[in-house]
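**Q**
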Amino acid sequence: MKGCQNLVIMCMDFRFQISIYSWLKHRGVFGNCDVISVAGSSLNLLHDAEPKTFILNQIDLAHKKHGIDKILIFHHEDCAAVSGTPMDTEEQIRFHHEKMNLAEKVIVSYLPNVTVNKYFISHKGQFYPSIVEHPNSASTRTSIKNSNALRI
800 MKGCQNLVIM CMDFRFQISI YSWLKHRGVF GNCDVISVAG SSLNLLHDAE PKTFILNQID
860 LAHKKHGIDK ILIFHHEDCA AVSGTPMDTE EQIRFHHEKM NLAEKVIVSY LPNVTVNKYF
920 ISHKGQFYPS IVEHPNSAST RTSIKNSNAL RI
């Protein structure tokens with residue numbers, strides 16, 4: 800069966816679910832997406848272990864069964880998966896953009912024709928698009944200091 804365009808990869812953290820789902824609904828994506836919700840979001844793709852295999856299998860299933868051609872990755876402020884290193888919001892944005900760019904490389908090496916959009920979400924509900932890394936990526940280049948972060 801085909802008919803779903805988008806796959807969302809997000810953290811399981813309840814604090815950001817309403818913001819993410821509202822953002823998706825506002826953009827017409829909610830109801831037209833499969834969702835992978837797991838602690839650490841796409842950080843799981845950066846390790847050669849079971850979590851990486853799990854995420855890649857879910858991506859493969861969504862692609863084969865539902866025909867997804869776009870993946871939206873969401874990371875968030877104060878993620879427990881990266882706890883231990885104190886960072887202010889700006890440092891977290893940079894850190895997570897770097898990790899999402901690495902995750903995107905893993906995804907496009909697995910599914911070369913998929914589009915990947917990447918966003919960091921602050922506690923204030925601001926969405927910061929990640930920097931374009933892959934030619935199929937539709938995220939926009941954003942300056943963190945002077946950013947007009949996306950809001951719901």
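Add 799 to a position in the sequence shown, counting from 1, and you land on the number used in this note's numbering.
Glycine is no exception: its CB is placed at the ideal position from the N, C-alpha and C atoms.
1) Indicate the three-state DSSP secondary structure (helix, strand or coil) for S818 in the structure shown.
2) For K917, which residues does DSSP report across the bridge?
3) Can you list, in chain order, the residues of its chain with a C-beta nearer than 8 Å to that of I819? Leave out the 5 residues immediately preceding and following it.
4) Between the alpha carbons of H896 and H825, how many angstroms are there, rounded?
5) Can you give the Cα-Cα distance for L860 and C803, rounded to whole angstroms?
6) What would DSSP say about S836, mapped onto helix, strand or coil?
7) Report the partner residues of P928 according to the DSSP bridge assignment.
8) Mapping the DSSP letters down to three states, classify V748 as helix, strand or coil.
**A** From the atom records:
1) Your numbering for residue 818 matches position 19 in the sequence shown. DSSP places S818 in helix when its eight states are reduced to three.
2) Sequence index remark: in the sequence shown, residue 917 carries index 118 (1-based). Note: K917 is bridge-paired with I872 in the DSSP secondary-structure output.
3) Looking up residue 819 in the sequence shown gives position 20. Cβ neighbours of I819 beyond the five flanking positions: V807, M809, F873, I920.
4) As a first step, residue 896 is located in the sequence shown; it is residue number 97 there, counting from the start. As a first step, residue 825 is located in the sequence shown; it is residue number 26 there, counting from the start. Distance between the alpha carbons of H896 and H825 is about 23 Å.
5) Working through the sequence shown from its first residue, we reach residue 860 at position 61. Working through the sequence shown from its first residue, we reach residue 803 at position 4. Spanning the two alpha carbons is a distance of roughly 12 Å.
6) On the sequence shown, residue 836 is found 37 positions in, with the first residue counted as 1. S836: strand per DSSP, three-state reduction.
7) Here residue 928 refers to the residue found at position 129 of the sequence shown. Note: P928 sits in a beta bridge opposite Y918.
8) With the chain covering 800 to 951 only, the question about residue 748 has no answer from this structure.
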